[in-house]
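**Q** After the structure tokens below, expect a handful of questions from me.
2 protein chains.
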Amino acid sequence: MTREEFSDAVELPVDTMAALERAAGSHRHEVLFSNRAFHIKQSAVRDVFDISIRPGLISLAGGSPYLRSLPLEELGRTAQRIIAEHGLEALQYGGGQGMEELRRQACEVMAAEGILDADPADIVITTGSQSAQDVAAKVFCDPGDVILCEDPTYVGALNAFEAYEVDVRTVPMDDGGLVPEALERRIREVRAEGKTIKLLYTIPSFNNPSGVTLTAGRRQAVVEICRRNNILILEDNPYGLLRFDGEPLAPMRAGNAQDVLYLGSFSKIFAPGVRLGWALVPRHLYRRFYLACEAVVLCPSPLTQMLVSAYLREYDWMGHVRSSRSLYAERCSSMLAALDEHMPEGVTWTRPDGGFFIWVTLPEGVDTYPLLYEAIDAGTVFIPGAAFTPGEGASNKLRLAFSAVSSEDIAEGVRRLAPILSAAVAAVKVR
Amino acid sequence: MTREEFSDAVELPVDTMAALERAAGSHRHEVLFSNRAFHIKQSAVRDVFDISIRPGLISLAGGSPYLRSLPLEELGRTAQRIIAEHGLEALQYGGGQGMEELRRQACEVMAAEGILDADPADIVITTGSQSAQDVAAKVFCDPGDVILCEDPTYVGALNAFEAYEVDVRTVPMDDGGLVPEALERRIREVRAEGKTIKLLYTIPSFNNPSGVTLTAGRRQAVVEICRRNNILILEDNPYGLLRFDGEPLAPMRAGNAQDVLYLGSFSKIFAPGVRLGWALVPRHLYRRFYLACEAVVLCPSPLTQMLVSAYLREYDWMGHVRSSRSLYAERCSSMLAALDEHMPEGVTWTRPDGGFFIWVTLPEGVDTYPLLYEAIDAGTVFIPGAAFTPGEGASNKLRLAFSAVSSEDIAEGVRRLAPILSAAVAAVKVR
Numbered sequence: 000m001t002r003e004e005f006s007d008a009v010e011l012p013v014d015t016m017a018a019l020e021r022a023a024g025s026h027r028h029e030v031l032f033s034n035r036a037f038h039i040k041q042s043a044v045r046d047v048f049d050i051s052i053r054p055g056l057i058s059l060a061g062g063s064p065y066l067r068s069l070p071l072e073e074l075g076r077t078a079q080r081i082i083a084e085h086g087l088e089a090l091q092y093g094g095g096q097g098m099e100e101l102r103r104q105a106c107e108v109m110a111a112e113g114i115l116d117a118d119p120a121d122i123v124i125t126t127g128s129q130s131a132q133d134v135a136a137k138v139f140c141d142p143g144d145v146i147l148c149e150d151p152t153y154v155g156a157l158n159a160f161e162a163y164e165v166d167v168r169t170v171p172m173d174d175g176g177l178v179p180e181a182l183e184r185r186i187r188e189v190r191a192e193g194k195t196i197k198l199l200y201t202i203p204s205f206n207n208p209s210g211v212t213l214t215a216g217r218r219q220a221v222v223e224i225c226r227r228n229n230i231l232i233l234e235d236n237p238y239g240l241l242r243f244d245g246e247p248l249a250p251m252r253a254g255n256a257q258d259v260l261y262l263g264s265f266s267k268i269f270a271p272g273v274r275l276g277w278a279l280v281p282r283h284l285y286r287r288f289y290l291a292c293e294a295v296v297l298c299p300s301p302l303t304q305m306l307v308s309a310y311l312r313e314y315d316w317m318g319h320v321r322s323s324r325s326l327y328a329e330r331c332s333s334m335l336a337a338l339d340e341h342m343p344e345g346v347t348w349t350r351p352d353g354g355f356f357i358w359v360t361l362p363e364g365v366d367t368y369p370l371l372y373e374a375i376d377a378g379t380v381f382i383p384g385a386a387f388t389p390g391e392g393a394s395n396k397l398r399l400a401f402s403a404v405s406s407e408d409i410a411e412g413v414r415r416l417a418p419i420l421s422a423a424v425a426a427v428k429v430r
Numbered sequence: 000m001t002r003e004e005f006s007d008a009v010e011l012p013v014d015t016m017a018a019l020e021r022a023a024g025s026h027r028h029e030v031l032f033s034n035r036a037f038h039i040k041q042s043a044v045r046d047v048f049d050i051s052i053r054p055g056l057i058s059l060a061g062g063s064p065y066l067r068s069l070p071l072e073e074l075g076r077t078a079q080r081i082i083a084e085h086g087l088e089a090l091q092y093g094g095g096q097g098m099e100e101l102r103r104q105a106c107e108v109m110a111a112e113g114i115l116d117a118d119p120a121d122i123v124i125t126t127g128s129q130s131a132q133d134v135a136a137k138v139f140c141d142p143g144d145v146i147l148c149e150d151p152t153y154v155g156a157l158n159a160f161e162a163y164e165v166d167v168r169t170v171p172m173d174d175g176g177l178v179p180e181a182l183e184r185r186i187r188e189v190r191a192e193g194k195t196i197k198l199l200y201t202i203p204s205f206n207n208p209s210g211v212t213l214t215a216g217r218r219q220a221v222v223e224i225c226r227r228n229n230i231l232i233l234e235d236n237p238y239g240l241l242r243f244d245g246e247p248l249a250p251m252r253a254g255n256a257q258d259v260l261y262l263g264s265f266s267k268i269f270a271p272g273v274r275l276g277w278a279l280v281p282r283h284l285y286r287r288f289y290l291a292c293e294a295v296v297l298c299p300s301p302l303t304q305m306l307v308s309a310y311l312r313e314y315d316w317m318g319h320v321r322s323s324r325s326l327y328a329e330r331c332s333s334m335l336a337a338l339d340e341h342m343p344e345g346v347t348w349t350r351p352d353g354g355f356f357i358w359v360t361l362p363e364g365v366d367t368y369p370l371l372y373e374a375i376d377a378g379t380v381f382i383p384g385a386a387f388t389p390g391e392g393a394s395n396k397l398r399l400a401f402s403a404v405s406s407e408d409i410a411e412g413v414r415r416l417a418p419i420l421s422a423a424v425a426a427v428k429v430r
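These protein sequence lines map, in sequence, to chains H and C.
When the count follows numbering that gives the first Met the number 0, it moves up by one through the first sequence with no breaks and lands on 430 for the last residue.
When the count follows numbering that gives the first Met the number 0, it moves up by one through the second sequence with no breaks and lands on 430 for the last residue.
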């Protein structure tokens, strides 16, 4: 089952729309769509967003951060003060690059990860990392240009890239992340087709959906391969600070200012509802990137910028990151324990060192999309693996998120899922 | 002086960047830019954004709404309550279409303008109208496709459209707005070139920058011309409720649900800092438009959505609109009086019935771009007319905004501007 078929099949408001659209398929306006409009896909993650919030259902689908440990009462008072005392600034239009204080603070966040030379002048505050991914594809890719990415990779990035008719090609990973030799081979293959490769999109730390991390040793090798081949690296690092133990690995951007366009996010270290992230752009690429951001939203919200800025200035944000790490580590352990206990033979999974996700592999021949319906009936939900790969093939993988669910619910969710996966494994064995 | 030259000339942080970029023009990454990257321009409005906030300077440039009449103390307490009591929702990811309550409330706002049949299911909440303009160009326009627009039109829309390599063509206006016969003629001319026209982008009420309003009588004529020619209308109506006297004119969308993609904004009836607007999309076009919005930002900020929703639910928002109308009417009068008093012969201007702007025309042969520097030296600032027209020609027009400045400052700003315009008029007379 493909992503498109799935979107059409799941019962959702947008499904009704799809039906309406099909009914109106012969509408005279059909010819008005751009070519790229036909490349814009439904995100499987968003598909299950509405389902996930049904009462009683245990969602192992959405990669939502845990917010209950935020000091909501205090944050409320901070927001009150911002509007009461600085409302004329917070509620007005702001500058297109984002506020200078927040850009300085983004540099502090990056310094905690090992990027020590970031300059606020090279930063654009974006409407989440999603917006930066959209702008990157816009600024760098003509139709048919290639973006290389990990297999699997973030579905939202795939949707953003494919909306620009980008030809997204995957590079194999192993337990140590992107395989440098495989990257070189893929570059040669793609170029032999006469294609132009513009970007390598990578989530080197705790990849979404696989949880896999690119080893420290490979990071510089990947940068050098890309430099030699004149491919810009788009490094997406929303989870970098959420390493369960030890220091965060230095991002690829550290020490490679010219080679990497780095994307940061306040969603996982603070809160997604503010819809703010940032791009640290190589200086020679900054102006066009920044202008494209401005053409898309004029400016990021001054109100939410001021809230994030106050949070980073006045609260123990690093303390919150540390307690989040422990919490996610514990939940990850719970999920690994539940998988150990309940999964049938023939099913394997990753053991992440940080982030939000575990990637489960079923035997060849299993298609995880139809299993989703059975899971929903059984009271749990996951994201089928096909969502995280370009193209239309079936997938024997699935993503489980442990970030937003208690350890008890994680155990129960995996317990509910187990008989469905067992039956699917048994069915392919019989075949 | 063209828009690009202007951007390069004005002393701004981005100017430094332009210089850096030129210095790095031979960087190996230069070849990575997409074709569309070279169509992404600096907005003249944004150019003067930083200048406008210099102390002592009277800015007649930015179209910022007046926010001092908002109850900031109370709004602060509302924000506090939202975060303290509903923080887990406000700070988390939300649905891609936007919250249902806010979509219902957008229908109420539109009902106040005369759109009585809007359905919340046909609405997408967007990151300002700017984002909806970006998505419209993305979903409908291939490179070289034509969007028709008023001459002059909103610079932000021009920037959004041109970033997709859209061929933006203008249709002449008179005091009654778009001239239907001129529209038909332009459609024939453009088609004779073998071009495909996808959209008519129009700001029918109090056009930015001209302040001109499309007469009630012409509105249906324009809709019917577009329907006959299979051109979708993109109706941008941020100022519709800000008519100084009498009832708002019904938008073109009223009664034409199939023909018009309507863009609304909370920026002018509430506050731009929340970065929220909405698109009311013909049902047969909804799904692709919505998916494209989602691919760009995942979801609009739940936090700012809940703040706008609370404002529309708990405050006398229409009372605020009414008092804003009076205030803007008074400021517009002050500006008209100052223009009457100070402008030299040969200079003319529009007399708007609402909105934020007056459009000033100097004699043929005057280029208003270089006058901006003189104006800044004299302590005031405006937007040169060339910003509001596609292409690279000089313009003898300029935009003055009366929305964000007191009547006293308006009088003083126009007084400062007058000798500069007088000298420019005298210079072309001599020639």
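C-beta atoms are modelled at their ideal positions from N, C-alpha and C, and glycine is treated no differently.
Give a yes or no on whether the minimum CB-CB distance between residue 71 (chain H) and chain C is below 8 Å.
**A** Judged by the 8 Å Cβ criterion, residue 71 (chain H) is in contact with chain C.
**Q** Buried or exposed for residue 116 (chain H), going by 16 or more other Cβ atoms inside 10 Å?
**A** exposed
**Q** Shortest alpha-carbon distance to residue 369 (chain H) belongs to which of H:83, H:356 and H:423?
**A** H:423
**Q** To the nearest angstrom, report how far apart residue 427 (chain C) and residue 397 (chain C) are at their CA atoms.
**A** 17 Å
**Q** Would you list, in sequence order, the uninterrupted beta strand (DSSP E) runs of no fewer than 3 residues that lie entirely inside the segment 338 to 426 of chain H?
**A** 356 to 360 and 396 to 400
**Q** What three-state label does DSSP hand residue 29 (chain C) in the structure shown?
**A** helix
**Q** Under the three-state reduction of DSSP, which class applies to residue 261 (chain C): helix, strand or coil?
**A** The DSSP-derived three-state label of residue 261 (chain C) is strand.
**Q** Compare the C-alpha of residue 329 (chain C) against each of C:350, C:381, C:178 and C:311 and name the closest.
**A** C:350
**Q** Which same chain residues, not among the five before or five after residue 375 (chain C), have their C-beta less than 8 Å away from its C-beta?
**A** 50 and 56
**Q** Does the Cβ of residue 415 (chain C) have 16 or more other Cβ atoms within 10 Å, making it buried, or fewer, making it exposed?
**A** buried
**Q** For residue 145 (chain C), which beta-bridge partners are listed by DSSP?
**A** C:166 and C:196
**Q** Are there three or more Cβ pairs, one per stretch, closer than 8 Å when the segment 197 to 204 of chain H is compared with the segment 141 to 158 of chain H?
**A** yes
**Q** How is residue 335 (chain C) classed by DSSP in three states: helix, strand or coil?
**A** helix
**Q** What do you reckon, are the CB atoms on residue 272 (chain C) and residue 302 (chain H) nearer than 8 Å?
**A** yes
**Q** In chain order, what residues of the segment 184 to 211 of chain H put their CB closer than 9 Å to some CB of chain C?
**A** 195, 197 and 198
**Q** Between the beta-carbon of residue 230 (chain H) and the beta-carbon of residue 222 (chain H), is there less than 8 Å?
**A** no
**Q** Helix, strand or coil for residue 273 (chain H) per DSSP?
**A** helix
**Q** Assign residue 9 (chain H) to one of three DSSP states: helix, strand, or coil.
**A** Here residue 9 (chain H) scores only 40 on pLDDT, less than 50, and its place in the model is too uncertain to base an answer on.
**Q** By how many angstroms is the C-alpha of residue 407 (chain C) removed from the C-alpha of residue 91 (chain C)?
**A** 45 Å
**Q** I want to check one thing, is the minimum distance from the CB of residue 88 (chain C) to the heavy atoms of the ligand ATP below 7 Å?
**A** Of ligands this structure carries none, so the ligand ATP is not represented either.
**Q** Residue 126 (chain C) CB to nearest chain H CB: under 8 Å?
**A** Closer than 8 Å: yes.
**Q** Assign residue 241 (chain C) to one of three DSSP states: helix, strand, or coil.
**A** coil
**Q** Could you confirm whether any beta carbon from chain C is found closer than 8 Å to the beta carbon of residue 32 (chain H)?
**A** yes
**Q** Which one of H:300, H:362, H:304 and H:284 has the shortest CA to CA distance from residue 429 (chain H)?
**A** H:362
**Q** Can you tell which of C:212, C:322, C:280 and C:295 has its C-alpha closest to the C-alpha of residue 39 (chain H)?
**A** C:295
**Q** Taking any Cβ of chain C, which residues in the segment 246 to 277 of chain H have a Cβ under 7 Å from it, in chain order?
**A** For the segment 246 to 277 of chain H, which is checked against every Cβ of chain C, the residues closer than 7 Å are 270, 271, 272, 273 and 274.
**Q** Can the beta-carbon of residue 400 (chain H) be found less than 8 Å from the beta-carbon of residue 176 (chain H)?
**A** no
**Q** Going by DSSP, name the residue or residues bridged to residue 171 (chain H).
**A** H:150
**Q** So the candidates are C:270, C:286, C:278 and C:78; which of them puts its Cα closest to the Cα of residue 316 (chain C)?
**A** C:270
**Q** Run through DSSP, which three-state label would residue 212 (chain H) get?
**A** coil
**Q** Just curious, the alpha helix (DSSP H) that residue 123 (chain C) is in, first and last residue?
**A** Counting along the chain, residue 123 (chain C) falls outside any alpha helix (DSSP H), though it belongs to the beta strand (DSSP E) covering 122 to 125.
**Q** How long is the line joining the alpha carbons of residue 111 (chain H) and residue 277 (chain H), rounded to whole angstroms?
**A** 15 Å
**Q** Would you call the segment 176 to 188 of chain C and the segment 122 to 131 of chain C in contact, with 3 or more CB pairs under 8 Å?
**A** no
**Q** For residue 249 (chain C), does the count of other Cβ atoms within 10 angstroms reach 16, so buried, or fall short, so exposed?
**A** It is buried - the Cβ of residue 249 (chain C) has at least 16 other Cβ atoms within 10 Å.
**Q** Assuming residue 354 (chain H) and residue 151 (chain H) form a contact by the criterion Cβ under 8 Å, report the distance between their Cβ atoms to the nearest whole angstrom.
**A** With a Cβ gap of about 13 Å, residue 354 (chain H) and residue 151 (chain H) do not count as contacting.
**Q** Touching or not, the segment 209 to 229 of chain C and the segment 159 to 176 of chain C, by the rule of three or more beta carbon pairs under 8 Å?
**A** yes
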